[in-house]
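Number of protein chains: 2
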Amino acid sequence: MQVSKRVKLEAAGWKVGSADELLGLTPEESAYIEIKLALSHTLRQRRLNNKLSQFELAKMVHSSQSRIAKMEAGDPSVSIDLIMKSLLALGASPKDVAKAISAGAPQAA
Amino acid sequence: MQVSKRVKLEAAGWKVGSADELLGLTPEESAYIEIKLALSHTLRQRRLNNKLSQFELAKMVHSSQSRIAKMEAGDPSVSIDLIMKSLLALGASPKDVAKAISAGAPQAA
DNA sequence: TGCACGCATGTCATATCTGACATACAGTAC
DNA sequence: GTACTGTATGTCAGATATGACATGCGTGCA
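From first to last, the protein sequence lines are chains A and B.
Residue 18 is where the first sequence starts when you use the working numbering, and the numbers rise one by one after that.
Residue 18 is where the second sequence starts when you use the working numbering, and the numbers rise one by one after that.
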């Protein structure tokens, strides 16, 4: 993740790395965000690997470009459900999803 | 999973084991259900390990007994989001969640 | 027997999520 | 410069999920 992106995410209300000390997040909340960001990141990876634009992926999953952008940004308005369904539509298996979560959200350097 | 439980789930509209051949599920749909059932099962395990009733867990996660029952049943009306949040509230880490998904839904014998 | 506990299932008002749309911005090509 | 592609972000009506409640069912126990 580029720093610029990280700054935007943080400005948008999320903390990216080890967030909890700065914001007042409970362990559950930060674990939830960690999972969401891990899946968001994996979604973008998979989309790019498949050489798809957000618009094209949106058509595939019967959604819209703006919602794909929000998914990849880990926007608070998108559910983990939706991100997972999109991953599965891109051919990910449950084990792939598990691996993505295990790998965790990409940490800042 | 007891057979009786399995029968109930199936009667409720889900197929449990290798479902897709019987119902007309797409690979994404069955992967989604597989993940949901894996997490449902893990939720029940964790709750029982902690010796909590559904009612007690409901209070912990600011929900209701009926919704916990639906989560554990993998009811179509509950999102994976909610099940995951409950797991995290029970102290599961993202890696625990990943392991649960990797392990998969308990297969019928 | 009655009564309490734990769990399942159905319903419903409301809270939350979603897709669609508009719009803005960066990069590239002309 | 314009035009086009890909992406980000804000808004909103309609769709979906949620908590709460009622109720039923089985089990244990006095």
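Beta carbons are placed, not taken as given, at the ideal position from N, Cα and C, and that holds for glycine.
These numbers come from a predicted model, not from an experiment.
Q. Does DSSP put residue 10/B in a helix, in a strand, or in coil?
A. What the structure shows of chain B is the stretch from 18 to 126, and residue 10/B is not part of that stretch, so it cannot be assessed.
Q. CB-CB under 8 Å to residue 110/B, same chain, minus the five flanking residues each way: which ones, in chain order?
A. none
Q: Using a cut-off of 7 Å between C-beta atoms, extract the partners of residue 106/B located in chain A.
A: 45
Q) For residue 92/B and chain A, any beta-carbon pair shorter than 9 Å? A) no
Q. Quick one: what does DSSP say residue 75/B is sitting in, helix, strand or coil?
A. helix
(Q) Which residue marks the beginning of the alpha helix (DSSP H) containing residue 117/A, and which one marks its end? (A) 111 to 120
Q | Helix, strand or coil at residue 43/B [DSSP, three-state] | A | coil
Q) If we call anything under 9 Å between Cβ atoms a contact, is residue 89/A one with residue 107/A? A) no
Q. Cβ of residue 97/A within 9 Å of Cβ of residue 56/A?
A. yes
(Q) Would you say residue 55/B lies against chain A (beta-carbon separation less than 9 Å)? (A) yes
Q. Span of the alpha helix (DSSP H) holding residue 105/A?
A. 97 to 106
Q | Proximal chain B residues relative to residue 95/A, where beta-carbon distance stays under 7 Å | A | Going along chain B, no residue has its Cβ under 7 Å from residue 95/A, so there is no contact; the nearest lies around 10 Å.
**Q.** Sequence-distant residues of the same chain with beta carbon closer than 6 Å to residue 53/B, five excluded per side
**A.** 91, 97
Q: Could you give the DSSP three-state label for residue 57/B: helix, strand or coil?
A: helix
Q. For residue 119/A, which residues from the same chain have a beta carbon less than 6 Å from its beta carbon, with the 5 sequence-adjacent residues on both sides left out?
A. none
**Q.** Below-9 Å beta-carbon distance, residue 26/B vs any chain A residue
**A.** Caution is warranted here: a pLDDT of 46 is assigned to residue 26/B, below 50, making its placement in the model unreliable, and no coordinate value can be reported.
Q: Using three-state DSSP, classify residue 83/A as helix, strand or coil.
A: helix
Q. My guess is that residue 50/A and residue 71/A are in contact by the Cβ rule of under 8 Å, so how many angstroms apart are they, rounded?
A. Residue 50/A to residue 71/A, Cβ: 22 Å. No contact.
Q) Relative to the C-alpha of residue 45/A, which residue among 121/B, 48/B, 116/B, 112/B is closest? A) 112/B
Q. In its own chain, which residues sit with a C-beta less than 8 Å from the C-beta of residue 19/A, not counting the 5 before and 5 after it?
A. A caution first: residue 19/A carries a pLDDT of 43, below 50, which makes its placement in the model unreliable, though a value can still be read off. Counting only Cβ-Cβ distances below 8 Å, and skipping sequence neighbours, we find nothing.
**Q.** residue 116/A versus residue 117/B: straight-line alpha-carbon distance, rounded
**A.** 11 Å
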